[in-house]
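Order-wise, the sequence lines are chains Y and G. Numbering of the first sequence is given in my numbering, commencing with residue 1 and proceeding in unit increments. Numbering of the second sequence is given in my numbering, commencing with residue 1001 and proceeding in unit increments. Here's the structure, in structure tokens; my notes come after.
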Amino acid sequence: MDLFSNLALGFSVAFTLKNLFYCFTGALFGTLIGVLPGIGPLATIAMLLPITFHLEPTGAIIMLAGIFYGAQYGGSTTAILVNLPGESSSVVTALDGYQMARQGRAGVALATAALASFFAGCVATVVIAVAAPALSRMALLFGPPEFTALMVMGLIAAVVLASGSIVSSIGMVMVGMMLGLVGTDITTGEQRFVFGIRQIYDGIDFVVVAMGLFGIAEIIANLADRHARDLPSGKISRLLPTRAEVVQAAPAALRGTLLGSILGVLPGGGALVSSFASYSLEKRLAADPSRFGKGAIEGVAGPEAANNAGAQASFIPMLALGIPPNAVMALMVAAMTIHGLTPGPKFLTDQPSLFWGMIVSMWIGNLILVILNLPLVGIWVKLLKIPYAYLFPAILVFCCVGVYSINFRVFDIFLMAGFGVFGYFLRRIGCEPAPMVLGFILGPMVEEQFRRTLLLSDGDFTVFLTRPLSATLIGVTVLLLLLMALPSLRKRREEAFHEQD
Amino acid sequence: MGLQQQYLSGLFFIAFGALTVWAGSGLTIGDAADMGIGYTPRALAIGCIVVGCILLLQAYLSTPSEDSSARFTIAWRPLFLVTLMVIGFGVLLPILGLPLTVALMTAMAALSGETFHWPTLGAIAIGLAVLSTLLFSTALNLQIPVWPF
């Protein structure tokens, strides 16, 4: 079997002492930063990016993946312990997890989250190993019109599946695309929107944008709006769930994993949608839905499995097509580019050891997380007790040094400050910055493919509709938009995202 | 989204689109078969303006409900402080080097209005200065200025 020889190759890469170490440190640091309230995976990866700079590409990517699921996992810990989801995909975990913690079952909730995530991670790893090569083979059938249509569909899907107003999110995507076009045009070599600023001739650095919008702006918002952080009193005693709890949680975790693996692959999908979908599913299937929101263990197991599976499955379109399905994956693309790697259909065939090494290290990383997190829960609790006045300067130092070390110039620090203010302003007028970040990465790609399509068709726009594959993709996009225009569906969507209120 | 926010976001998109049209006025637009570098930006700018108009229209047509009472506010103090800290870091780093800059920036956190104790904050400033220098300069070997001399 091809799959086994590939996985064997992966194990030989991932099981070197060096790469195990990178995987471990990545997961550790990712959790450490991810546990801090108000810092999601995106900000965590951006902040920790510089510690991977001096590594060789394989080690760096393994470490980045470790940081990613560490951060994802850390967010759940915060959600359960202090009801402050560090990232939007653990919002639903906070609903029942925090209630469990208040009932003195914090240990059980954390263990359930860890084990459900681990199970989902194992399954998702296999899913990636099977689906990614298949998808990248399929991508060979894609021409410029299909790529354009696919990216547009991805952007629209990302908007529909995210929370917030759809119209303003579409606007944010376009603002992001516009900012992504700043700099020297690849095709003609001419410059646009640089305003004579030499430092942005090569474009605005993605990490600067992400760090400003999600690091700095988040700190400002957190300082402005201080929640009373309410840690569960008493020691966390029992970790392992009882037999009855396992019986309740296991099927939920299984369903969550399935949902996450499917939703994660879709453009616009990922951890967020998966966890919301799983929560509503569990609530609907439950014999007594009123238990939800009051500490139902299925409400932790299902969404946690789903968000981990979804987070990992979203690597599939990123690696196989080079098209990031969500903002976090957009940052991963940027990070890989820094290391001279281009994800896309050729990535698998050109860099098999890197690809498979990364897949296997994801599985190892999930294992490390379980081993790491259950005994270290006490440390995370202590970390959460640090007052924000002491915490935020440390986060700022990381952001500043991180941005500075991309090009070793202070200009990037100033630019980050600018994007921080911009991000805070956007938040205040009710616009989500996440679609903007996705637009930023996809903007230049869409333009290039769009331009190529129309060059080949001699300016004929009907080419998008006459080729079956691209016509289908366009059709799905239009359908998505039409569905959202239906008032009843729009209301359902709003309800789904306001579950937490 | 509050009503006031919706008006403001509508205006923001229109302003952004208009700014893009103005800034890109000198770029070649070309036509679909032979696009200039101004083609996509112009299309996006028009898109932004359309989005802005829709938002304004929606805000105008919607009936005010309880939810729409969310007002547009800005927390000036954190906004200024954090921005100042970041810009200060950028200005001071090449002059003072990493540890001194970090210590100074941390001390500025005293202005945040959060409750804190001076001795603890001082200890954290020093600790952070030492740690960040050891991590970024010594361990990771990043080319960051360390000392003012």
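Ideal Cβ placement from N, Cα and C applies to all residues, glycine included.
- Of all residues in the segment 44-57 of chain Y, only Pro50, Ile51, Phe53 and His54 come within less than 8 Å of chain G when Cβ atoms are compared, listed by chain position.
- Secondary structure of Thr93(Y) (DSSP, three-state): helix.
- For the C-beta of Thr188(Y), the chain G residues within less than 9 Å are, from N- to C-terminus, Thr1028, Gly1036 and Ile1037.
- Secondary structure note for Thr257(Y): its alpha helix (DSSP H) is the uninterrupted segment Arg243 to Val265.
- Judged by beta-carbon spacing, Ser470(Y) lies beyond the 7 Å limit of Glu218(Y), meaning their Cβ atoms are not closer than that value.
- Beta-bridge annotation (DSSP): Arg192(Y) is paired with Gly183(Y).
- Any Cβ of chain Y closer than 7 Å to the Cβ of Thr1040(G) would place that residue at the interface, and such an atom is present.
- Interface criterion met: the Cβ of Leu223(Y) is under 7 Å from a Cβ in chain G.
- Against chain Y, the CB of Phe1089(G) has a partner CB under 7 Å away; the residue lies at that interface.
- For the pair Ala101(Y) and Ser76(Y), the CB atoms are not nearer than the 7 Å cut-off.
- The alpha-carbon of Ile166(Y) is positioned some 14 Å away from that of Val175(Y).
- Across the set Glu432(Y), Ile61(Y), Phe292(Y) and Ser89(Y), the C-alpha of Ile61(Y) shows the shortest separation from the C-alpha of Ile359(Y).
- Residue-level contact check: Met63(Y) does not touch chain G, since none of the beta carbons of chain G fall below 7 Å from its beta carbon.
- Contact between the segment 1110-1117 of chain G and the segment 395-414 of chain Y is absent: fewer than 3 CB-CB pairs across the two stretches fall below 8 Å.
- In the three-state DSSP reduction, Asp225(Y) falls in the coil class, being neither helix nor strand.
- The Cβ neighbour count for Asn1141(G), taken over all protein chains shown within 10 Å, is under 16; the residue is labelled exposed.
- In this model, Gln1058(G) and Pro433(Y) are separated by some 21 Å (Cα to Cα).
- Around the beta carbon of Leu179(Y), a 10 Å sphere encloses 16 or more other beta carbons of the protein chains shown; the residue is thus reported as buried.
- Going by DSSP, Trp1076(G) is part of the alpha helix (DSSP H) stretching over Trp1076 to Leu1096.
- Residue-level contact by beta carbon holds for Ala1033(G) and chain Y, with a gap shorter than 7 Å.
- The alpha-carbon of Trp363(Y) is positioned some 29 Å away from that of Phe1136(G).
- For the segment 406-436 of chain Y, residues whose beta-carbon sits nearer than 7 Å to a beta-carbon of chain G comprise Phe408, Val410, Ile413, Phe414, Met416, Ala417, Gly420, Val421, Tyr424, Arg428, Ile429, Gly430 and Cys431.
- Taking C-beta separations shorter than 8 Å and ignoring five residues to either side along the sequence, the partners of Ile316(Y) in its chain run Val127, Ile128, Ala131, Ala132, Leu135, Gly264 and Val265, following chain order.
- Nearest to Ile371(Y) by C-alpha distance, out of Asp185(Y), Asn6(Y) and Ala27(Y), is Ala27(Y).
- In this structure Ala65(Y) is not in contact with Gly260(Y), their Cβ atoms being roughly 17 Å apart against a cut-off of 8 Å.
- The beta-carbon distance between Tyr98(Y) and Ala311(Y), rounded to whole angstroms, is 21 Å. This is too long to meet the 8 Å contact definition.
- Three or more Cβ pairs closer than 8 Å define a contact, and the segment 1091-1106 of chain G falls short of that threshold against the segment 1026-1036 of chain G.
- Secondary structure at Asp205(Y): coil, using DSSP grouped into helix, strand and coil.
- Distance from the CA of Val273(Y) to the CA of Thr31(Y), rounded to the nearest whole angstrom, comes to 22 Å.
- Residue contact with chain Y for Pro1078(G): present (Cβ-Cβ distance below 7 Å to some residue of chain Y).
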